[in-house]
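What follows is a set of notes on a single structure, which appears directly below.
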Amino acid sequence: MLALRRARTQVTPAVVPPVWLAGSKTAGATKGGRLADQISIRIDGEYVAASQGQTILEVARASGKYIPTLCWLENITAVGACRLCIVEVSGVARPLPACTTPVQDGMSVVTSSERLAQYRRIAIEFLLAERNHQCAVCVSNNHCELQAMAQRLGVTSVHYAYSWPRLPVDVSHPRYVLDHNRCILCTRCVRVCAELEGARVWDVAGRGVRSMIVCDASRPWGESRSCTNCGKCVQVCPTGAMAEKGFAVEEMVKQDSKVRRLALHHGGRP
Amino acid sequence: MKKVRLATVWLDGCSGCHMSLLDMDEAILAVAKKAEVVYGPLVDAQEFPKAVDVTVIEGAVSSQEDLEKVRAIRQRSKLVVALGDCAVAGNVPAMRNSTPPRKLLERIYVEGADTARGVPSDGVPALLRQAIPVHEVVAVDLHLPGCPPPAKTIAWVLGELCDGRMPDVKSKVKFG
Amino acid sequence: MSKITIDPVTRIEGHAKIDLLLNAEGKVADAHFHVTQVRGFEKFCEGRPYYEMPSITARICGICPVSHLLASAKACDAIMAVAPPEAGLKLRRLLHCAQFVQSHALSFFHLSAPDLLLGFDSDPARRNIFGLIEEQPELARMGIALRKFGQQAIEGMAQERVHPSWVVPGGVNAPLAPAVRESILAGLPEALAIAGKTMAHFKGILERFPEEIAHFGSAPTLYAALVDDGGALDWYDGRLLFKQADGAIAAAGIRAQDYGLFVGEASLRDSYLKAPYFKPLGYPDGVYRVGPLARLNVATVTGTPRADRELEEFRQRFGPVVHGAFHYHYARLIELLHALEAMEMLLADAAILNPRVRSRAGVNALEGIGMIEAPRGTLIHHYKVDESGAMRWANLIVATGHNNLAMNRAITEVARHFVNGAEIREGMLNRVSAVVRAFDPCLSCSTHADGTLDLEIRIISPN
Numbered sequence: 001m002l003a004l005r006r007a008r009t010q011v012t013p014a015v016v017p018p019v020w021l022a023g024s025k026t027a028g029a030t031k032g033g034r035l036a037d038q039i040s041i042r043i044d045g046e047y048v049a050a051s052q053g054q055t056i057l058e059v060a061r062a063s064g065k066y067i068p069t070l071c072w073l074e075n076i077t078a079v080g081a082c083r084l085c086i087v088e089v090s091g092v093a094r095p096l097p098a099c100t101t102p103v104q105d106g107m108s109v110v111t112s113s114e115r116l117a118q119y120r121r122i123a124i125e126f127l128l129a130e131r132n133h134q135c136a137v138c139v140s141n142n143h144c145e146l147q148a149m150a151q152r153l154g155v156t157s158v159h160y161a162y163s164w165p166r167l168p169v170d171v172s173h174p175r176y177v178l179d180h181n182r183c184i185l186c187t188r189c190v191r192v193c194a195e196l197e198g199a200r201v202w203d204v205a206g207r208g209v210r211s212m213i214v215c216d217a218s219r220p221w222g223e224s225r226s227c228t229n230c231g232k233c234v235q236v237c238p239t240g241a242m243a244e245k246g247f248a249v250e251e252m253v254k255q256d257s258k259v260r261r262l263a264l265h266h267g268g269r270p
Numbered sequence: 001m002k003k004v005r006l007a008t009v010w011l012d013g014c015s016g017c018h019m020s021l022l023d024m025d026e027a028i029l030a031v032a033k034k035a036e037v038v039y040g041p042l043v044d045a046q047e048f049p050k051a052v053d054v055t056v057i058e059g060a061v062s063s064q065e066d067l068e069k070v071r072a073i074r075q076r077s078k079l080v081v082a083l084g085d086c087a088v089a090g091n092v093p094a095m096r097n098s099t100p101p102r103k104l105l106e107r108i109y110v111e112g113a114d115t116a117r118g119v120p121s122d123g124v125p126a127l128l129r130q131a132i133p134v135h136e137v138v139a140v141d142l143h144l145p146g147c148p149p150p151a152k153t154i155a156w157v158l159g160e161l162c163d164g165r166m167p168d169v170k171s172k173v174k175f176g
Numbered sequence: 001m002s003k004i005t006i007d008p009v010t011r012i013e014g015h016a017k018i019d020l021l022l023n024a025e026g027k028v029a030d031a032h033f034h035v036t037q038v039r040g041f042e043k044f045c046e047g048r049p050y051y052e053m054p055s056i057t058a059r060i061c062g063i064c065p066v067s068h069l070l071a072s073a074k075a076c077d078a079i080m081a082v083a084p085p086e087a088g089l090k091l092r093r094l095l096h097c098a099q100f101v102q103s104h105a106l107s108f109f110h111l112s113a114p115d116l117l118l119g120f121d122s123d124p125a126r127r128n129i130f131g132l133i134e135e136q137p138e139l140a141r142m143g144i145a146l147r148k149f150g151q152q153a154i155e156g157m158a159q160e161r162v163h164p165s166w167v168v169p170g171g172v173n174a175p176l177a178p179a180v181r182e183s184i185l186a187g188l189p190e191a192l193a194i195a196g197k198t199m200a201h202f203k204g205i206l207e208r209f210p211e212e213i214a215h216f217g218s219a220p221t222l223y224a225a226l227v228d229d230g231g232a233l234d235w236y237d238g239r240l241l242f243k244q245a246d247g248a249i250a251a252a253g254i255r256a257q258d259y260g261l262f263v264g265e266a267s268l269r270d271s272y273l274k275a276p277y278f279k280p281l282g283y284p285d286g287v288y289r290v291g292p293l294a295r296l297n298v299a300t301v302t303g304t305p306r307a308d309r310e311l312e313e314f315r316q317r318f319g320p321v322v323h324g325a326f327h328y329h330y331a332r333l334i335e336l337l338h339a340l341e342a343m344e345m346l347l348a349d350a351a352i353l354n355p356r357v358r359s360r361a362g363v364n365a366l367e368g369i370g371m372i373e374a375p376r377g378t379l380i381h382h383y384k385v386d387e388s389g390a391m392r393w394a395n396l397i398v399a400t401g402h403n404n405l406a407m408n409r410a411i412t413e414v415a416r417h418f419v420n421g422a423e424i425r426e427g428m429l430n431r432v433s434a435v436v437r438a439f440d441p442c443l444s445c446s447t448h449a450d451g452t453l454d455l456e457i458r459i460i461s462p463n
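Protein chains in written order, with my numbering: chain G, 1 to 270; chain P, 1 to 176; chain U, 1 to 463.
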């Protein structure tokens, strides 16, 4: 299942990139071997150096260029699930997700435009319409990456009819809660559990709008045979979908910095 | 200077957005100079006037009566402002939406009563299947999310609207 | 039968329409009170973690979210089987008092003062807070300032004026900052002065309202309120006491967990608002009232000096148990004074700054009931959870709901006295609305179950 979630385009295997590229790793990179190919691309009109095998997002970040993201987590396999990081690439008709698109020599990328702003707002609005996001009474209110992104992009209402699906709240675990109403299927939990903790508790079941995060191929979290209770999934969850029990409304501030630091050293492993 | 004709309405809401409006405290004196409140919970008008310049709506559209009210309001108002998360996005009233209304009513009036059990049926409007944002029924000119939106923002917005300007609220509001 | 509809009843919290049915002589035969909205908190909270309930139920009402936060938190405390630390309790009480100040100020100045100060028969186009600002600017400013004081105190403690998330199961989630304590203390003298001036002014104009005093829901009922072991008012943690109209005690010392033995609920055919009743007397005889007037009828004293002096004077004038609903206004002003004095007493003790404000625990009981006095009356939150802490069942009995039966009767009484079907003047209909205002109903609250309380005033006569 996880293999399908990797970047679809083949990435040329490369060694650890040079230090001046801010230590970012490439998805699927392996150590050892020859030096990475140096190439040059343009981002927003400016020439920046890049290495073969890097993604547009990695190069942009290294050059100090901001591209909004939601499902992306540094040094964890990128999946392009949220579509927030879409950019315009010359010669390509539709916008491409920067987190999974590898750079090519001579590529010209635009990171912000009217069209991109509109599409990113649509992406957020779809997320808000698809499930039940009552920010006002959510444990992550004021500490939520979805809410913050909506605010950043200037989304003040959703133009699409709300779905109001009936979704469960899994309170079976003694320490954590999974509220499917708040889940945006970013799959950070899936990837972090697989790549950092190695327990592989989470997966995605179902298709389309019926997709759901499932534990141990669909068991209540409290009955998981593989969960180590480490809580990494909870801390990297961008919304209030995963939270620690006992944190009341507006109290769930995620402690994701430690997990991100771990990912820097150990992330990207299959 | 002709005063702007302002109306405020609450549908399926908790009145918290109206309280946030009153939380502008003394600034309401300045609003009172620019606007005449022609209808709303704070004044005694019995009928929604035929011509209103700005109507501020709090609350989701949840019953047949809300639906009729909001349609009439849209017809008679030049500008409609959706005030608060309930009017903009459904919010807490919409938490009932994945439950069929019949189950809701039975839980409250049959299981939830000690005597004279029964779902009310006389002179009470039917519940819509779902409690929905105002813009899913009528066009809305300005959305002010928040639960409630900050008092200062409401005061500023009313001031701008009374001066004939459409404010850009994007940096001043957020859901929740 | 012809009918007159007062739609909406204005200057109340929520929606109201009243139906008045006139007989052949043009006199009011009956009044109907239709609550026409419903929201479903008790149902849609099923499955939510119990500790979300305070902030979810806060959204029942924007005027008194603090009441729901506190009652809900108390129910959650019971589920956790904890008591908040001393400072946490003091802070909850302080918040509670601040809420009484702003809510009673709103009720008096913004909602009822237009009738009381401008006149029941005054021009409807100006009979509102904006008209008050123009005609009696000093009083209007006082009202705005008093409400602001309460709201700022809440904001100082809890970061938000409306729907603060500060109150949590086990206590509150942040201690009181010394600077906030200083600023509330600094604002108290002016707030007390305003409350005192308002009281004096109101007592001075009482003689203008002999008819309203005599006929605004003056029929005796039972009264219910929370009091401490000595019988003094205890908004936050008292035991429920039911007092008869003649002053005898019908039931006392009722703890939260026993409310079900004394309070039942009946569904009404023509209203989304259920009718609570006093179980020992059954339905519909067990009609009782809650709220400021009921509390002062039930309690022996408030417990603070100025309020108690006023209470003494009130009783000298109107009797040991007062029935006329018009006197809710007087009672509300006495409670305003009490709230401010109580805030002063709570803040005087520096122990309120103690950083330990929250007890922590998991689920230790599968049921919890929280009972407090909201500004409009007794409020009960009753929750059942499963072992994992998911809500399985909730029952909320909200202040204004308790007054449902009494309000119906009061409306009928007022309509019968003031409304002459042959010649209907706006001031008559305003008085019917005004009796509802006296009760200061919180219709969003009472129809937590759902939506708003639409009292439909329709005058129906046979012509």
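Glycine is no exception: its CB is placed at the ideal position from the N, C-alpha and C atoms.
Of the choices the options, whose alpha-carbon is the least far from that of residue i?
{"i": "U/Tyr223", "options": "U/Gly260, U/Met199, U/Lys274 and U/Phe278", "result": "U/Phe278"}
{"i": "G/Ser140", "options": "G/Lys65, G/Val103, G/Arg152 and G/Cys183", "result": "G/Cys183"}
{"i": "P/Ala89", "options": "P/Leu6, P/Val169, P/Cys14 and P/Gly146", "result": "P/Gly146"}
{"i": "U/Ser267", "options": "P/Thr8, P/His143, P/Arg5 and P/Asp122", "result": "P/Asp122"}
{"i": "G/Leu185", "options": "G/Pro238, G/Phe247, G/Arg121 and G/Ala243", "result": "G/Pro238"}
{"i": "U/Pro85", "options": "U/Asp308, U/Ser433 and U/Arg358", "result": "U/Arg358"}
{"i": "U/Val168", "options": "G/Gly45, G/Glu251, G/Tyr66 and G/Pro68", "result": "G/Glu251"}
{"i": "U/Asp7", "options": "P/Asn91, P/Lys34, P/Glu47 and P/Arg5", "result": "P/Glu47"}
{"i": "G/Thr187", "options": "G/Asp203, G/Ser172, G/Asp179 and G/His180", "result": "G/Asp203"}
{"i": "P/Ile108", "options": "U/Ile254, U/Ser271 and U/Ser103", "result": "U/Ser271"}
{"i": "P/Pro148", "options": "G/Val137, G/Glu145 and G/His143", "result": "G/Val137"}
{"i": "P/Leu104", "options": "U/Ala75, U/Ala125, U/Gln151 and U/Gly40", "result": "U/Gly40"}
Contact defined as beta carbons within less than 8 Å: I believe residue i pairs with residue j. What is the distance between those atoms, to the nearest angstrom?
{"i": "U/Leu146", "j": "U/Leu117", "result": "Not a contact, Cβ separation roughly 15 Å."}
{"i": "U/Glu373", "j": "U/Leu261", "result": "Not confirmed; about 19 Å, so no contact."}
{"i": "P/Asp12", "j": "P/Ser62", "result": "4 Å"}
{"i": "U/Leu311", "j": "U/Val301", "result": "7 Å"}
{"i": "U/Leu240", "j": "U/Ile249", "result": "About 11 Å; that fails the 8 Å criterion."}
To the nearest angstrom, report how far apart residue i and residue j are at their CA atoms.
{"i": "U/Arg161", "j": "P/Ala87", "result": "20 Å"}
{"i": "U/Ile352", "j": "U/Gly187", "result": "18 Å"}
{"i": "U/Phe44", "j": "U/Pro355", "result": "35 Å"}
{"i": "U/Ile184", "j": "U/Ala350", "result": "13 Å"}
{"i": "P/Trp10", "j": "U/Ser107", "result": "17 Å"}
{"i": "P/Ala30", "j": "P/Trp156", "result": "11 Å"}
Would you say residue i lies against chain P (beta-carbon separation less than 8 Å)?
{"i": "G/Asn141", "result": "yes"}
{"i": "U/Val227", "result": "no"}
{"i": "U/Lys43", "result": "yes"}
{"i": "U/His110", "result": "yes"}
{"i": "G/Val137", "result": "yes"}
Contact criterion: CB-CB distance below 8 Å. Does residue i meet it with respect to chain U?
{"i": "P/Ala113", "result": "yes"}
{"i": "G/Ser257", "result": "no"}
{"i": "G/Arg6", "result": "Residue placement at G/Arg6 is poorly supported in this model, since its pLDDT is 40, which falls under 50; the coordinates still yield a value, given next. No, G/Arg6 does not count as interfacial toward chain U."}
{"i": "P/Gly123", "result": "yes"}
{"i": "P/Cys147", "result": "yes"}
Closer than 7 Å: is that where the CB of residue i sits relative to any heavy atom of the ligand MG?
{"i": "U/Arg92", "result": "As presented, the structure is devoid of all ligands, the ligand MG included, so that no description of it is given."}
Contact between the stretch 106–115 of chain P and the stretch 70–84 of chain P (3+ Cβ pairs under 8 Å): no
Segment contact, 8 Å Cβ cut-off, at least three pairs: the stretch 196–212 of chain U with the stretch 283–294 of chain U: no
Contact the stretch 368–384 of chain U vs the stretch 50–66 of chain U: 3+ CB pairs below 8 Å: yes
Contact between the stretch 56–76 of chain P and the stretch 131–143 of chain P (3+ Cβ pairs under 8 Å): yes
At least three beta-carbon pairs within less than 8 Å, the stretch 430–437 of chain U to the stretch 394–413 of chain U: yes
Sufficient close CB pairs (3 or more, under 8 Å) joining the stretch 227–237 of chain U to the stretch 82–97 of chain U: yes
The stretch 125–142 of chain U / the stretch 38–46 of chain P touching (three or more Cβ pairs under 8 Å): yes
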